[in-house]
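The sequence shown runs 149 to 234 under the numbering used here.
Have a look at the structure below, then the notes.
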Amino acid sequence: MKMLRVAAIVMMALPMAIGATAASASPTDGNDIGPLIVGGGPADQTYSWMGSMQPQGYSHYCGASLIKPLWMVTAAHCVDGQNAST
(Lines of atoms letter the chains of each structure in order from A; the text may use other names.)
(Lines give C-alpha, C1' and ligand atoms only; values in the text may rest on other atoms or scores of the structure.)
Protein backbone atom coordinates (compact mmCIF):
# COMPACT_ATOMS: atom_id res chain seq x y z
CA MET A 149 0.00 0.00 0.00
CA LYS A 150 2.89 2.36 0.79
CA MET A 151 4.36 1.78 -2.68
CA LEU A 152 1.03 2.71 -4.27
CA ARG A 153 0.89 5.93 -2.25
CA VAL A 154 4.44 6.89 -3.28
CA ALA A 155 3.64 6.15 -6.93
CA ALA A 156 0.51 8.32 -6.75
CA ILE A 157 2.45 11.23 -5.25
CA VAL A 158 5.15 10.97 -7.93
CA MET A 159 2.52 10.81 -10.69
CA MET A 160 0.93 14.03 -9.39
CA ALA A 161 4.18 15.89 -8.71
CA LEU A 162 5.93 15.11 -12.00
CA PRO A 163 3.51 17.00 -14.30
CA MET A 164 3.64 20.00 -11.96
CA ALA A 165 7.44 20.05 -12.06
CA ILE A 166 7.49 19.74 -15.84
CA GLY A 167 4.85 22.47 -16.18
CA ALA A 168 6.82 24.85 -13.97
CA THR A 169 9.91 24.35 -16.13
CA ALA A 170 7.97 24.92 -19.38
CA ALA A 171 6.26 28.03 -17.99
CA SER A 172 9.62 29.67 -17.30
CA ALA A 173 10.59 29.55 -20.99
CA SER A 174 10.22 32.83 -22.86
CA PRO A 175 10.42 33.90 -26.50
CA THR A 176 13.80 34.98 -27.80
CA ASP A 177 14.68 38.28 -29.40
CA GLY A 178 16.45 36.39 -32.19
CA ASN A 179 20.00 37.41 -31.25
CA ASP A 180 20.90 34.11 -29.60
CA ILE A 181 19.70 31.80 -32.38
CA GLY A 182 22.30 29.67 -34.13
CA PRO A 183 22.04 28.07 -37.56
CA LEU A 184 18.42 27.20 -38.24
CA ILE A 185 18.95 23.84 -39.91
CA VAL A 186 22.31 22.11 -39.68
CA GLY A 187 23.30 20.91 -43.15
CA GLY A 188 20.05 22.25 -44.62
CA GLY A 189 19.47 24.05 -47.88
CA PRO A 190 16.87 26.13 -49.68
CA ALA A 191 13.51 24.43 -50.21
CA ASP A 192 12.59 23.57 -53.79
CA GLN A 193 8.92 24.46 -53.25
CA THR A 194 6.68 26.58 -51.02
CA TYR A 195 4.99 25.23 -47.94
CA SER A 196 1.90 27.45 -47.79
CA TRP A 197 0.23 25.24 -45.15
CA MET A 198 2.92 26.07 -42.56
CA GLY A 199 2.61 29.00 -40.18
CA SER A 200 4.98 30.73 -37.77
CA MET A 201 3.70 32.15 -34.49
CA GLN A 202 5.52 35.42 -33.84
CA PRO A 203 4.16 37.62 -31.06
CA GLN A 204 4.59 41.34 -31.62
CA GLY A 205 8.19 42.26 -30.89
CA TYR A 206 9.50 38.67 -30.96
CA SER A 207 10.68 36.19 -33.56
CA HIS A 208 9.35 32.69 -34.30
CA TYR A 209 8.58 30.62 -31.21
CA CYS A 210 6.04 28.02 -32.39
CA GLY A 211 4.85 26.49 -35.63
CA ALA A 212 1.30 25.96 -36.83
CA SER A 213 -0.46 24.13 -39.66
CA LEU A 214 -3.20 25.55 -41.87
CA ILE A 215 -6.25 23.26 -41.68
CA LYS A 216 -8.85 25.59 -43.29
CA PRO A 217 -8.48 28.93 -45.09
CA LEU A 218 -8.74 30.88 -41.80
CA TRP A 219 -7.90 28.16 -39.23
CA MET A 220 -4.49 27.15 -37.89
CA VAL A 221 -3.70 24.38 -35.38
CA THR A 222 -0.72 24.44 -33.03
CA ALA A 223 0.45 22.79 -29.83
CA ALA A 224 -1.36 23.72 -26.61
CA HIS A 225 1.84 24.86 -24.88
CA CYS A 226 2.25 27.52 -27.59
CA VAL A 227 -0.94 29.35 -26.62
CA ASP A 228 -1.41 28.47 -22.94
CA GLY A 229 -2.30 31.63 -21.04
CA GLN A 230 -2.62 33.74 -24.22
CA ASN A 231 -5.64 35.73 -25.43
CA ALA A 232 -6.88 35.37 -29.01
CA SER A 233 -6.00 38.31 -31.27
CA THR A 234 -5.56 39.01 -34.95
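Built from N, CA and C at the ideal position, the CB exists for glycine as well.
| query | result |
| --- | --- |
| Just reading off the alpha helix (DSSP H) that ALA224 is part of, what are its end residues? | 224-227 |
| Measuring CB to CB, does SER207 end up less than 8 Å from TRP197? | no |
| Starting from TRP219 and walking both ways along the beta strand (DSSP E), at which residues does that stretch end? | 219-221 |
| In the DSSP assignment, what residue or residues form a beta bridge with ALA200? | Strictly speaking, residue 200 in this sequence is Ser, with Ala absent from that position. Answer is GLY211, bridged to SER200. |
| If contacts are defined as beta-carbon pairs under 8 Å, then MET201 and TYR195 qualify, I think. What distance do you get, rounded to the angstrom? | Not quite, the Cβ-Cβ distance comes to about 15 Å (not below 8 Å), so this is no contact. |
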